[in-house]
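Numbering (my numbering), first residue to last: 1084 to 2203.
Let me begin by presenting the structure, written as structure tokens, before commenting on it.
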């Protein structure tokens, strides 16, 4: 190796890395650097290699954030640093990001938007147990919020593939968080941060760290503790909140009223909202569905805060698609929708190191974190719908009378009931018909919450390292064991399925004993039977889920003690607030719902590591070196299903000849069926690796590494190679390049449980009535926008995903007149195959479309679409002959369009839709994870740093910029027509689809300016995010109402924000008092306007921007 590559000697570790890589923020780069040119750099171990070397010549790109750069950003937690990295894209932490509730309060890194799964996070170079929470795409991650900032020395980020050295999960790179294990002294720290618009809402941090070293320097003990508290902040305090922001929650929403004249219905017409129905019909000629509204909605009722109830579809700001204005009664919930959740976290961390007389070092590290996050606070909760029946006498014809409570009681020797307190009855202000409705508590939003996330993480590391001689060589060894556990619990109040269904028919309450029978076959009774119109309610959708179990309806139809003798009615209507005769009892609500652990997941990880390093052979460019190692990992992933979800093991699933013919399990959670499974999965992994540093010519460093990793079972073994090269062409210019192959094994949670419940929006050809009529083919071209709730499914056969990673770049550090300047650029490219992805909605209904296609053309398979409306049709599912209608009226006639394929004939497992309905309305899809497709992502990272000194002080300038050239998806099932079915396959510079890929602005950067002199320091950071495209706009625009169309924009505007900080270091007159660093600062000092995103849940992109606006902070660091 040439002499000029051995510059400085024995400098502080963080300074060397920052100087070499020019990748930390400029104000932190030069803290202890000097302009001396005759120094030498100590060879050290940097993330990306197990071999000691000079960071200046490292062949792989590594970014370093040291402690001073972290403090200069005003960071309160590590997440505050990670979220601002240009290479981080698609991560999240708070509300508005579109993530599942179980992840609230956690934070992670997502390098290149390749998924939080694809970034390996280490502590002190050792694997860290992942959080027990899962993202909606099934992603796992280390919770950055569990790592105490007070104990953090620096963060090293390897930005190319790392599987050849660190194993699976390092597809996109490695984040290595280095702890302050050599700290000596005492530091006390306090920080208070206030969101300017939120008044008295604060973030507060208090921490302490104490370190001791023995007189001979052989023993170190470090202890630290940190307390973090965050007050909740409502979305109304965000600087994005304006008059167009609409956040409303349901109060009353009766639906599916059986108002048909064939039933002899005597409907309370006050529930018919003809004005909205006519408006819907004017916007969409196929919108023939009757609209229902609770008549008390517009009578001046309010919530506990005085917000008036109103009809959702009457609000000019409502976001309903054209022709779909809702008659639901709602209330403004913006005060309860939170931008930042209430949070408390306690963290402890420490280390103990001791060097023995023979030079062997024992080292250890431990960490513990407990966190509680409170989501919401309105005191409101809701569930899926239940069925509500009227009392005898509501219907005048036998077809409708079978829907009345106690209609079949005489068959069992009991008289039909006489009921005076049924909320469904006309006498009590009800619709006087069979109907369906959501179940709710806390209609008036009284405050308080049972929605709480609790997370706990504990980890420990123990190891020995030292030297030994072998064959006249001195080798270094490091043997360690690390272990960790994490738990994530979500407590929430939810409805019990069976108890709620029973309460809906007047048989609820802890003291109620129905006097009917649970196994009466009411669906198959001969004669006029209105239940034949609602058979889909009792259809098996997927394991554990029926929309409406048989037993409660059987009890309702055969009992006669509804509403009496300890039996109570649940009332979902607004009369529950105005009529004491039908008000909901607290006793009943407590019986129907319970606070439980909806989500209780736990992870454990144990890792044995052994690494030996040393010199190899002399080569043309210097001494080569090697590292060999082995690793054994044991992983346990456990999920404990809620007792509420245990359900009924012997529920009736089908009848034959009047008796139950099939029984099985039905999930008893009415709010979230089959959302969390119970499993206990173990995974053992063995690995060996070898790495060589081969300077085969002068001024050249090469790295060759290979790792074999065996998971056993279906996953099997994989080999991951890596080759990297750096060439110091001249003293001031380094060229480097790397290639590697990486892989990632599927998460145990994906294998054993599947994806969390969520929602999806896509184009559905069966939503188009012309398709259902067989007039147009069921293709993408003829598809119409739709949405659905989604549930996950275990994926035991899902396999590994693979990636080829390339990087090439340079680092220029000129001397002379340009001394202090550093310029760095790196091109990167990732080619990912067999990516583990959530199944798309389009893919999920493919089997249904195929079955539909097989039915088209057979005249025996058609019914009148108008007969699918139970509210207006005298008879349901009336057969029709499409050929005859086309001959009589013409192929393009309204009569022919009204003749559609019978939807009962193309129902499949895993897809639930509302039947009967003249408009296809999906309710739930069951989606699994699949290995599918390829992702090609590439771009450029560019960095410039410049420092100089003069009589005015020390100055630092730094520019960090990342450009994403492409993020292209190909051969993904259900993505035949691009992301969101709009023909775009490249997600770079777009919002993605929120499922396969999150938002990815293609231009991000920041400019840092720092001045320091004596005890004073000032830092200014300007952050920039370029404009990007909102893909959802193109999807939604044709179907949106005029108000929304006026707000929709395909472009999310560019954004710039300014952070300011002033620091003063005060040395006390008494040396025993140490020094105190006082800091004041402002994040987003100019309160920059957040770019508007109409399609976001909070009208801005929560995965890209921080909606809190200007935040001021004051902090003090007392050092002894």
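We put the CB at the ideal spot given by N, CA and C, even for glycine.
Owing to the predicted nature of the structure, the values given are computational and were not obtained by experimental measurement.
For residue 2114, the uninterrupted alpha helix (DSSP H) run begins and ends at 2114-2119, by DSSP. Between residue 1235 and residue 1206, the alpha-carbon positions lie close to 10 Å from each other.
Annotation for residue 1929: the continuous alpha helix (DSSP H) segment containing it runs 1929-1938. Collapsing the DSSP output to three states places residue 1674 in a helix. Inclusion of residue 1485 and residue 1674 in the CB contact set at 8 Å is not warranted, their separation being larger than that value. Residues of the same chain with a CB within less than 6 Å of the CB of residue 1531, apart from the 5 flanking positions on each side, are 1462 in chain order.
Leaving aside the five residues that flank residue 1285 on each side, the residues in its chain whose CB is nearer than 7 Å to its CB run, in chain order, 1275, 1276, 1277 and 1314. For residue 1687, DSSP records a beta bridge to 1568 and 1719. Between the stretch 1208-1222 and the stretch 1561-1570 there are three or more C-beta pairs closer than 8 Å, enough to call the two in contact.
With 16 or more other Cβ atoms from the protein chains shown falling within 10 Å of its own Cβ, residue 2058 counts as buried.
The Cβ atoms of residue 2008 and residue 2077 do not sit closer than 8 Å to each other. For residue 1999 and residue 1326, the gap between their C-alpha atoms comes out near 38 Å. For residue 2138, the enclosing beta strand (DSSP E) has its first and last residue at 2138-2150.
DSSP places residue 2039 within a strand segment (E or B) once states are collapsed to three. Looking from the CA of residue 1697, the closest CA among 1690, 1511, 1691 and 1710 belongs to 1710.
The beta carbons of residue 1759 and residue 1829 sit about 18 Å from each other, so the pair does not count as a contact at 8 Å. Taken through DSSP and simplified to helix, strand or coil, residue 1772 comes out as strand.
Residue 1396 and residue 1374 have their C-alpha atoms some 10 Å from each other. Checking the DSSP bridge columns, you'll see residue 2176 has no partner listed. Per DSSP, reduced to three states, the secondary structure at residue 2162 is strand. Between the alpha carbons of residue 1372 and residue 1361 lies a gap of roughly 10 Å.
Annotation: the continuous alpha helix (DSSP H) that includes residue 2126 extends over 2125-2130.
Residue 1376 and residue 1412 do touch by the CB rule: their CB atoms are close to 6 Å apart, below 8 Å.
Residue 1843 and residue 1800 have their C-alpha atoms roughly 35 Å apart. In this structure, 1585 is the residue among 1585, 1611, 1593 and 1594 with its C-alpha nearest to the C-alpha of residue 1601. Rounded to the nearest angstrom, the gap between the Cα atoms of residue 1290 and residue 1850 is 57 Å. When C-alpha distances from residue 2074 are compared across 1129, 1174 and 1149, the shortest belongs to 1174. Within a 10 Å sphere around the beta-carbon of residue 1556 sit fewer than 16 other beta-carbons, which makes this residue exposed.
In the DSSP assignment, the residues bridged to residue 1841 are 1873.
Boundaries of the alpha helix (DSSP H) around residue 1587: 1580-1587. Within the same chain, and ignoring the five residues on either side of residue 1426 in sequence, the residues whose Cβ sits closer than 6 Å to its Cβ are 1188, 1313 and 1456. Counting C-beta atoms within 10 angstroms of its own C-beta, residue 1590 has 16 or more neighbours from the protein chains shown and is therefore classed as buried. The beta carbons of residue 1839 and residue 1222 sit no closer together than 8 Å. Close CB contacts of residue 2137 within its chain, under the 6 Å cut and outside five residues either way in sequence, are with 2109 and 2110 (chain order). A direct Cα-Cα distance of roughly 12 Å separates residue 1133 from residue 1141. When only Cα atoms are considered, residue 1519 and residue 1336 end up about 9 Å apart.
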